[in-house]
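Protein chains: 2
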Amino acid sequence: MLTSPLAFERLAQDGRARVGRITTLHGTFETPVFMPVGTQATVKSQTTDDLQRAGVRILLCNTYHLHLRPGEEVIEHLGGLHRFMSWPGAILTDSGGFQVFSLARLREVREDGVLFQSHLDGSDVFLGPDQAMAIQQALGSDIAMAFDECPPHPAARSTVEAAVERTLRWAARCAERRAERPQQAVFGIVQGGIHPDLRQHCARELRAMGFDGLAIGGLSVGETKEMMNAVLEDTEPELPVDSPRYLMGVGAPEDLFEAIERGVDMFDCVMPTRNGRNGGCFTWSGKVRLKAAIHREDPGPLDPDCGCSTCRGYSRAYLRHLFNTDEMLGSQLASHHNIAFLQSLMEKIREAIRAGRFAELKAEFTARYFGPHER
Amino acid sequence: MLTSPLAFERLAQDGRARVGRITTLHGTFETPVFMPVGTQATVKSQTTDDLQRAGVRILLCNTYHLHLRPGEEVIEHLGGLHRFMSWPGAILTDSGGFQVFSLARLREVREDGVLFQSHLDGSDVFLGPDQAMAIQQALGSDIAMAFDECPPHPAARSTVEAAVERTLRWAARCAERRAERPQQAVFGIVQGGIHPDLRQHCARELRAMGFDGLAIGGLSVGETKEMMNAVLEDTEPELPVDSPRYLMGVGAPEDLFEAIERGVDMFDCVMPTRNGRNGGCFTWSGKVRLKAAIHREDPGPLDPDCGCSTCRGYSRAYLRHLFNTDEMLGSQLASHHNIAFLQSLMEKIREAIRAGRFAELKAEFTARYFGPHER
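Chains A and B supply the protein sequences, listed in that same order.
Numbering follows numbering that gives the first Met the number 0, in which position 73 of the first sequence is assigned residue number 72; successive positions increment by one, without gaps.
Numbering follows numbering that gives the first Met the number 0, in which position 152 of the second sequence is assigned residue number 151; successive positions increment by one, without gaps.
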């Protein structure tokens, strides 16, 4: 058994909501934590200084995209992903499984992986547990994800069953290869669609493999919020208590509350940057669409309760002007705010859990966020 | 006669090259100075913090664009252009003349101005000296430009003559209206195409009108570099010694040297940001195209002799990856470098003028910039 390259301490608990502390080779941060997505080794429109100023300590990069461009051998040659993208904090890389099953054109799903066509040029690429681990080892992320099969929603139960079994066989192979890079943590991914028994079976089997943490995959793929919450509810008892639990692809504030309430510690989502590029912003008083004419002469900040550089420096009228004239600075400033907002939200949530008032914070946040101020 | 809202002191001279100091209500800076262009009240992809870190102390905004969107009344309502765009330094606004004659579809050139169609929606807009001054007064820039007629190149001498005479009549009207906003400096614009006698005549007449500075317009519009240098050479003796001389629309390093050698103090150009967005960068060793495959595995900075945040933080390989994957961070980082580079170049030029070695710096720069290292 390896000593874990990732230390996880539980600091506080309120119901099932937890505050923890994760230590990696690239810094320490508290959970619940939100990780912005740097698909192609860049969180779109943000410098790494911007990210640090927003309070980000860990981000996610995509194995699939980096394998295609510039290739992991280039990044390894340049000293690894941290150095390549000039990011001093922690990095989690996904395994490519989700992209292979969603973006690419599948050619053949085999026992040792998936043959597919690149979404860029149609060329053949093969990715399986061995390739995913080798690529992530070359990238040198702090946390690697096991290669999984993410079935679509809806799918026949038999399809989901087969995906769970394949995911488990692939996970076992990834766990075996973990020893090749002892300084890299590896998380398993729980699949099982919306079927409680499949989720629980998958989680139990993964626990036995000794991963450094477990993720819940295959959610936020079209199922209802009620279904997602039910899956979290049913899966949680089978997740290990002493290691991080990571819900993949979720970032809407209301969803974060629901998942944290059900014991989840880590999150990632493209939402803050994708919405930001279109002028969609989170605020403590609800969502704001910066393109709306109502902001035309508004001298106030995007969010008066936010201390980020966008809110300290610029008015809604100016931000609206930038979107109205297709100026890229608008995307930059809105994305920055959204990232900083989610960092602040997580900080408030951690404080509330420590104070035993998570439920109150959730109620207060929800009332204001979905209240009459929404624009 | 008004007291000038702009103080200009001459600090050093080497040949005709000058070092000066301009004081405005929004700060003091030395000349020769390069002003980045913030067409729509944003220097594309740069926050105002970015600009300050790059050493920028004065920037240019476009009257024509801001008149169309968001409208000067919105900006005035929000406290003026500095506050609107969150820029604490000095701002020069152009008069809109150049855009009216180059971007818009002309309907009618009248004695009191120009009726044209907006390039955005085809709606009718009228701009003349009165409108240009009123708009710039509402924007509240530190330096306003007189409304001029910028003839195309090539043009018949009679066309240029008529443009000069109209420019002079319009300038007289702008000079009259200067008293309405005593804290705003106003510069006249010398037209005259490539005809020395017309240029000299125009400059002499403008001098008599008591502007705070004179600009040379209608260059960098398609004439050869030799023609441009000849015009500068011939016009300079008629330009006032004790106020700033501004060459509009010029920003290539080699052109800056030529113009400074001929007594010019101020410059603006979209080049650093426009080229930057396409991966075209200035370096002390010549131009670099970041999209080129040669940079694929290059761990070195864009310019080892540059101290900007792009060169301190990121490798050529990473920058090339950003352009190769169409990531907007590439445009941001390259634009930032180009702006910082021109600020450094101007600083070196000022130092050289002070030390009486402008000609040596020009020779050294040229040898290296156009030397065998160019990529």
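We treat Cβ as the ideally placed atom computed from N, Cα and C, and that holds for glycine.
Worksheet entry | Contact list for A/Phe322 against chain B, beta-carbon separation under 8 angstroms | Reading the first sequence from its first residue, position 323 is the one you call residue 322 of chain A. Those do not exist, as A/Phe322 stays about 11 angstroms from chain B at its closest Cβ, beyond 8 angstroms.
Discussion item. DSSP has B/Pro35 in a bridge; who is on the other side?
Written reply: As a working note, residue 35 of chain B is residue 36 in the second sequence. According to DSSP, which records beta bridges pairwise, B/Pro35 is partnered with B/Cys268.
Practice prompt. Ignore the nearest five residues each way along the sequence and tell me which others in A/Gly279's own chain have a CB closer than 7 angstroms to its CB.
Written response: Locating residue 279 of chain A in the first sequence gives position 280, counting from the first residue. Lys286 and Arg288, listed in sequence order.
Discussion item. Going by DSSP, what residue range makes up the alpha helix (DSSP H) through A/Glu257?
Written reply: Within the first sequence, the letter at position 258 stands for residue 257 of chain A. Residues Pro252 to Glu260.
Worksheet item: When the Cα atoms are used, what is the spatial distance from B/His81 to B/Val230?
Response: For this step, residue 81 of chain B is matched to residue 82 along the second sequence. For this step, residue 230 of chain B is matched to residue 231 along the second sequence. C-alpha separation (whole angstroms): 34 angstroms.
Worksheet entry | Any C-beta of chain B under 8 angstroms from that of A/Val73 | Working through the first sequence from its first residue, we reach residue 73 of chain A at position 74. Yes, its Cβ sits closer than 8 angstroms to a Cβ of chain B.
Discussion item. Quick check on B/Ala316 - is its C-beta less than 8 angstroms from some C-beta in chain A?
Written reply: For this step, residue 316 of chain B is matched to residue 317 along the second sequence. Interface residue, yes.
Practice prompt. Show which residues of chain A have a CB atom less than 8 angstroms away from the CB atom of B/Ser377.
Written response: As shown, chain B starts at 0 and ends at 374. That puts residue 377 of chain B outside it, with no answer to give.
Worksheet entry | CB contact flag (A/Leu385, A/Leu50, <8 angstroms) | The displayed coordinates of chain A run from 0 to 374. Any statement about residue 385 of chain A would go beyond what the structure contains.
Worksheet item: With 8 angstroms set as the bound, which would you pick, yes or no: does the beta-carbon of B/Ile83 sit closer than that to a beta-carbon of chain A?
Response: As a position in the second sequence, residue 83 of chain B is number 84, starting the count at 1. It should be pointed out that residue 83 of chain B corresponds to Phe in this sequence rather than to Ile. Cβ-Cβ to chain A under 8 angstroms: yes for B/Phe83.
Fill in: Coil, strand or helix - A/Met208 by DSSP
Residue numbering aside, residue 208 of chain A sits at position 209 when the first sequence is read from its first letter. Here A/Met208 sits in coil by DSSP.
Worksheet item: Can you tell me whether DSSP reads A/Glu148 as helix, strand or coil?
Response: Residue 148 of chain A sits at position 149 when you count from the first residue of the first sequence. If DSSP states are grouped into helix, strand and coil, A/Glu148 belongs with coil.
Worksheet item: Considering only the beta carbon of each residue, do A/Val269 and A/Arg244 sit closer than 8 angstroms?
Response: On the first sequence, position 270 is the one that residue 269 of chain A refers to. On the first sequence, position 245 is the one that residue 244 of chain A refers to. Cβ distance not < 8 angstroms, so A/Val269 and A/Arg244 don't count as in contact.
Discussion item. Less than 8 angstroms between CB atoms is the rule here; does A/Gly312 satisfy it with respect to chain B?
Written reply: Residue mapping note: residue 312 of chain A aligns to position 313 of the first sequence, counting from 1. Yes, A/Gly312 lies at the interface with chain B (some Cβ there is under 8 angstroms from its Cβ).
Worksheet item: Under the rule that 16 or more other beta-carbon atoms within 10 Å means buried, what is B/Arg17, buried or exposed?
Response: Along the second sequence, one-based indexing puts residue 17 of chain B at 18. So B/Arg17 ends up on the buried side.
Worksheet item: Does DSSP classify B/Ile376 as helix, strand or coil?
Response: It is not possible to answer for residue 376 of chain B, since the shown part of chain B is limited to 0 through 374.
Worksheet entry | Residue(s) in a DSSP beta bridge with B/Glu237 | Here the question's residue 237 of chain B lines up with position 238 in the second sequence. Paired residues: none, contrary to the question.
Worksheet item: Mapping DSSP to helix, strand and coil, what is B/Cys305?
Response: Position 306 of the second sequence holds residue 305 of chain B. Correct three-state label for B/Cys305: coil.
Worksheet item: With a cut-off of 8 angstroms, does the C-beta of A/Thr62 fall near any C-beta of chain B?
Response: For the purposes of this step, residue 62 of chain A is taken as the residue at position 63 of the first sequence. No, because no Cβ of chain B sits closer than 8 angstroms to the Cβ of A/Thr62.
Fill in: Distance, B/Glu235 Cα to B/Asp241 Cα
Working through the second sequence from its first residue, we reach residue 241 of chain B at position 242. Working through the second sequence from its first residue, we reach residue 235 of chain B at position 236. Going from the Cα of B/Asp241 to the Cα of B/Glu235 covers about 13 angstroms.
Discussion item. Quick check on the DSSP output: the beta strand (DSSP E) that includes A/Arg56 runs from which residue to which?
Written reply: As a working mapping, residue 56 of chain A is identified with position 57 in the first sequence. Element bounds for A/Arg56: n/a, residue is neither H nor E.
Worksheet entry | For A/Gly250 and A/Leu341, believed in contact at Cβ under 8 angstroms, the rounded distance | For this step, residue 341 of chain A is matched to residue 342 along the first sequence. For this step, residue 250 of chain A is matched to residue 251 along the first sequence. Contact holds; Cβ gap of about 7 angstroms.
Fill in: Under the three-state DSSP convention, the category B/Leu5 falls into
Taking the second sequence and counting its residues from 1, the one referred to as residue 5 of chain B is at position 6. B/Leu5 falls in the coil class under three-state DSSP.
Worksheet item: Counting along the chain, where does the alpha helix (DSSP H) carrying B/Gly74 start and finish?
Response: On the second sequence, residue 74 of chain B is found 75 positions in, with the first residue counted as 1. Here the sequence assigns Ile to residue 74 of chain B, which means Gly is not the residue at that position. Its alpha helix (DSSP H) spans residues Glu71 to His76.
Fill in: Cβ contact check for the region 161 to 168 of chain B and the region 179 to 194 of chain B: 3 or more pairs under 8 angstroms
yes
Discussion item. I'd like to know whether the C-beta of A/Leu138 is nearer than 8 angstroms to at least one C-beta of chain B.
Written reply: Taking the first residue of the first sequence as position 1, residue 138 of chain A is located at position 139. It does not: the Cβ of A/Leu138 has no partner Cβ on chain B nearer than 8 angstroms.
Item to complete: Only counting runs of 4 or more residues, tell me where the alpha helix (DSSP H) segments fall wholly within the region 313 to 344 of chain A, in order along the chain.
Response: 315 to 323
Worksheet item: Which residue's Cα is closest to the Cα of A/Ile74: A/Gln135, A/Ala362, A/Gly127 and A/Thr23?
Response: Sequence index remark: in the first sequence, residue 74 of chain A carries index 75 (1-based). Nearest option by C-alpha distance: A/Gln135.
Worksheet item: Any beta-carbon of chain B closer than 8 angstroms to the one on A/Gly19?
Response: Locating residue 19 of chain A in the first sequence gives position 20, counting from the first residue. Taking Cβ atoms only, chain B never reaches closer than 8 angstroms to A/Gly19, which makes this a no.
Worksheet item: Is B/Val124 helix, strand or coil when you go by DSSP?
Response: The sequence position of residue 124 of chain B within the second sequence is 125, counting from 1. Reduced to three states, the DSSP call for B/Val124 is strand.
Item to complete: Measure from the alpha carbon of A/Ile352 to the alpha carbon of each residue in A/Ser314, A/His25, A/Phe256 and A/Leu318, then state which is nearest.
Response: Within the first sequence, the letter at position 353 stands for residue 352 of chain A. It is A/Phe256 whose Cα lies nearest to the Cα of A/Ile352.
Worksheet item: Three or more beta-carbon pairs under 8 angstroms between the region 22 to 41 of chain B and the region 311 to 322 of chain A, yes or no?
Response: yes
Worksheet item: chain A beta carbons: is any one of them nearer than 8 angstroms to that of B/Glu373?
Response: Taking the first residue of the second sequence as position 1, residue 373 of chain B is located at position 374. Note that B/Glu373 scores 47 on pLDDT, short of 50, meaning its location in the model is unreliable and no value can be drawn from it.
Fill in: Below-8 angstroms beta-carbon distance, B/Leu5 vs any chain A residue
Here residue 5 of chain B corresponds to residue number 6 of the second sequence, with the count starting at 1. It does not: the Cβ of B/Leu5 has no partner Cβ on chain A nearer than 8 angstroms.
Practice prompt. Decide if the region 2 to 12 of chain B is in contact with the region 83 to 93 of chain A; the criterion is three or more beta carbon pairs, one per stretch, under 8 angstroms apart.
Written response: no
Item to complete: Could you pull the start and end residues of the alpha helix (DSSP H) that B/Phe83 belongs to?
Response: Position 84 of the second sequence, counting from 1, holds the residue named residue 83 of chain B. Its alpha helix (DSSP H) spans residues Leu80 to Met84.
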